[in-house]
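A short write-up of the structure that comes next.
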Amino acid sequence: YGPSIHGVGEQNFLYFREPSGLRVELNSGGYRNYVPDWEANTWHPSEGSNNFYKNGAMPHSMTESFPPAEGFTATEEGASPEMKEALLNPYAKQGRG
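My numbering numbers the first residue of the sequence shown as -11 and each following residue consecutively.
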């Protein structure tokens, strides 16, 4: 995904997946601050999107796990009972602890 520019920091970026499936971000630029009395601006979500270029829609693949998870996963509906048990009681599985 990219290349493009991050809205808040104004860094150039490019995302890609390496052969193992991990997502990597190449990032350069941003602010170079040489002003001794400089004060940071605070961005609030109520001010709108921090996407500098509005025509650069993020692909759905950016919201996916890297690499795809095997076994139990949580969803918007919450964790499955098996996932809850594994998280809350790690010793319930044979050979752990």
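Don't be surprised by glycine CBs; every beta carbon is placed ideally from N, CA and C. Keep in mind that this is a model prediction, so the values were computed, not measured.
In the structure shown, the three-state DSSP call for residue 2 is strand.
Per DSSP, residue 75 is one residue of the alpha helix (DSSP H) stretching across 69 to 76.
Nearest neighbour of residue -2 by Cα position, chosen from 50, 7 and 17, turns out to be 17. The three-state secondary structure of residue 13, taken from DSSP, is strand. Going by C-alpha positions, residue 50 is about 9 Å away from residue 11.
Straight through space, the alpha carbons of residue -11 and residue 20 are spaced by roughly 25 Å. If you check the CB distance, residue 22 and residue 13 do not come in under 7 Å.
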